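Residue numbers (the UniProt record's numbering): 1 to 540. C-beta atoms are modelled at their ideal positions from N, C-alpha and C, and glycine is treated no differently. Keep in mind the model is a prediction, meaning the values are calculated, not measured. Reviewing the structure listed below.
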């Protein structure tokens with residue numbers, strides 16, 4: 001069957017695409033500019049009218065640069081398809097697809113990626129990316145001579161620059177003012193921000209020469225008192241996912257989201273800030289010896305972290321994974337990823353509930369003769385498919401939102417679904433504590449929980465997480481942290497629990513404190529340890 005083909009001069013393609021990107025693909029920034037200008041009411045009519053012409057000229061210039069007969073069609077089809085996905089994410093979730101988000105995309109597994117699929121997202125992708133891509137695919141791009149092609153390309157580039165220069169000359173102060181007061185706008189321009197970020201990520205990850213691996217804490221060893229302890233230490237460290245402190249009963253939230261751990265009276269730290277707003281940043285950052293202010297991803301991935309140092313000191317560690325990867329934190333210790341099994345009642349098709357990770361707890365803690373840490377990286381409150389994180393019997397808060405396109409649920413449904421995940425994580429922690437209590441005659445036991453980052457649930461039109469830290473709302477950076485310890489653990493470590501409980505209520509901490517706090521908690525002696533960053537030091 002011969003499909004009808006359209007005919008268009010290749011020289012016109014950049015302008016046609018520029019119009020489409022201006023009117024359709026860039027709906028997110030158009031909406032944002034409308035809100036900014038509506039609130040301002042100070043800008044001139046001339047400046048407002050100039051904005052679409054400025055973007056049109058800028059897009060035309062960019063597309064002219066990449067418009068070459070050899071690869072124009074393939075390049076622009078790929079650009080249209082990816083741009084439609086970026087537009088969907090930004091318009092519906094308020095997400096900025098910058099370098100940090102690109103990093104998340106590349107490190108997301110297929111299961112996580114599938115959780116974002118819905119009939120709504122697919123329809124958006126088909127209409128905004130698929131249809132124009134098909135039109136372009138079946139369009140015959142006509143070109144005369146190379147001389148004519150070069151002339152028209154030059155005219156397109158030059159006319160765009162002239163228009164940009166005229167607009168800049170007339171309204172430079174207006175553009176500078178809007179840009180200075182709303183620095184996030186440049187991150188919303190499609191396709192420049194996500195394409196530049198993708199190129200940068202590919203270069204840093206796959207092209208640039210990696211920095212040499214550096215071992216640190218080579219002097220690490222257990223303190224003498226730890227070696228002489230009557231019982232080995234057993235710490236369960238639970239690394240949470242996407243939990244924000246504002247939905248915690250311990251923080252004053254009206255719902256009983258901590259009903260399961262409340263009987264164990266854990267110590268709650270009410271003011272803890274994350275290192276990042278995404279797992280790919282927060283996890284390697286919190287386990288490194290760097291603070292958020294000087295965090296460097298390349299360095300974190302190519303040097304020892306606190307897990308390595310504790311391992312070197314003789315502390316046995318196991319990392320159980322259920323959240324898409326350890327982000328290079330546990331590469332040098334025993335690591336096991338939870339795999340869904342049809343026979344496991346705690347798994348539903350390809351998705352397991354976090355409590356399935358505890359099925360091997362007794363095996364992991366049998367006949368320990370040395371100090372141990374069990375790391376559990378849980379899926380916690382990972383969205384947007386919050387409803388998949390808890391089983392039917394734990395649907396306490398109703399009505400919930402049993403779908404992935406949460407922007408199409410009511411605010412109440414989204415919050416209820418999220419609260420159910422917080423409650424189920426609390427159930428997981430209570431089960432772990434219950435198991436630890438049974439081992440107090442053999443080990444000095446404790447549990448520590450901290451979330452990697454928070455989550456937006458529609459506040460100011462923002463969903464999920466991953467915002468640039470400087471722009472991120474507090475819901476994405478203020479995270480819960482919980483500590484429970486047996487009397488034997490507290491006594492052996494010399495920790496005053498009353499003092500620690502007071503510090504948890506009154507003092508401010510961050511994930512910067514984790515590196516030194518774990519070293520101190522596990523009695524590791526090394527020059528890398530900084531007492532002033534150890535949460536527990538002031539209560540010994």
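In three-state terms, what does DSSP make of residue i?
i: residue 145; result: coil
i: residue 206; result: helix
i: residue 334; result: strand
i: residue 125; result: helix
i: residue 235; result: strand
i: residue 152; result: helix
i: residue 168; result: helix
i: residue 477; result: helix
i: residue 377; result: strand
i: residue 195; result: helix
i: residue 540; result: coil
i: residue 281; result: helix
i: residue 316; result: strand
i: residue 286; result: helix
i: residue 427; result: helix
i: residue 483; result: strand
i: residue 308; result: helix
i: residue 352; result: strand
i: residue 8; result: strand
i: residue 366; result: coil
i: residue 570; result: Nothing about residue 570 can be read from this structure; the chain reaches only from 1 to 540.
i: residue 218; result: coil
i: residue 464; result: strand
i: residue 499; result: helix
Mind checking whether residue i and residue j have CB atoms under 8 Å apart?
i: residue 515; j: residue 435; result: no
i: residue 523; j: residue 279; result: no
i: residue 335; j: residue 344; result: no
i: residue 191; j: residue 83; result: yes
i: residue 132; j: residue 80; result: yes
i: residue 429; j: residue 238; result: yes
i: residue 484; j: residue 519; result: no
i: residue 356; j: residue 368; result: no
i: residue 72; j: residue 151; result: no
i: residue 33; j: residue 51; result: yes
i: residue 508; j: residue 534; result: no
i: residue 411; j: residue 458; result: yes
i: residue 211; j: residue 302; result: yes
i: residue 96; j: residue 6; result: no
i: residue 495; j: residue 539; result: yes
i: residue 267; j: residue 504; result: yes
i: residue 29; j: residue 185; result: yes
i: residue 331; j: residue 370; result: no
i: residue 115; j: residue 425; result: no
i: residue 56; j: residue 85; result: no
i: residue 579; j: residue 104; result: Given that the chain is displayed from residue 1 to residue 540, the structure contains no residue 579 and the question cannot be resolved.
i: residue 102; j: residue 194; result: yes
i: residue 397; j: residue 262; result: no
i: residue 305; j: residue 329; result: yes
Please check the pair residue i and residue j, which I expect to be a contact at CB under 8 Å, by giving their CB distance rounded to whole angstroms.
i: residue 466; j: residue 100; result: 6 Å
i: residue 511; j: residue 275; result: 4 Å
i: residue 88; j: residue 124; result: 5 Å
i: residue 241; j: residue 381; result: 6 Å
i: residue 383; j: residue 455; result: 7 Å
i: residue 432; j: residue 272; result: Going by Cβ atoms, the distance from residue 432 to residue 272 rounds to 20 Å, so no, they are not a contact pair.
By alpha-carbon positions, which one of the options ends up nearest to residue i?
i: residue 166; options: 54, 74, 269 and 86; result: 54
i: residue 378; options: 449, 366, 407 and 443; result: 449
i: residue 232; options: 492, 535 and 503; result: 492
i: residue 35; options: 460, 527, 503 and 517; result: 460
i: residue 77; options: 38, 30, 33 and 129; result: 129
i: residue 118; options: 403, 162 and 395; result: 403
i: residue 43; options: 291, 251 and 178; result: 178
i: residue 463; options: 38, 256, 20 and 277; result: 277
i: residue 427; options: 12, 442 and 394; result: 394
i: residue 439; options: 454, 366 and 424; result: 366
i: residue 224; options: 23, 320 and 525; result: 525
i: residue 323; options: 254, 424, 66 and 283; result: 283
i: residue 12; options: 26, 65, 281 and 86; result: 65
i: residue 487; options: 263, 443, 262 and 197; result: 443
i: residue 205; options: 38, 37 and 298; result: 298
i: residue 289; options: 529, 37 and 441; result: 529
i: residue 24; options: 91, 531, 69 and 513; result: 91
For the ligand ZN, is there any heavy atom lying closer than 7 Å to the beta carbon of residue i?
i: residue 285; result: The ligand ZN is not among the ligands present in this structure, which contains no ligands whatsoever.
### Task
Could you tell me whether the region 308-324 touches the region 217-225, where touching means 3 or more Cβ pairs closer than 8 Å?
yes
### Query
Do the region 471-491 and the region 228-246 meet, that is, are 3 or more Cβ pairs less than 8 Å apart?
yes
### Task
Examine the Cβ distances between the region 156-172 and the region 54-64 and report whether three or more of them are shorter than 8 Å.
yes
### Task
Evaluate the contact criterion for the region 413-426 versus the region 385-403: three or more CB pairs, one atom per stretch, below 8 Å.
yes
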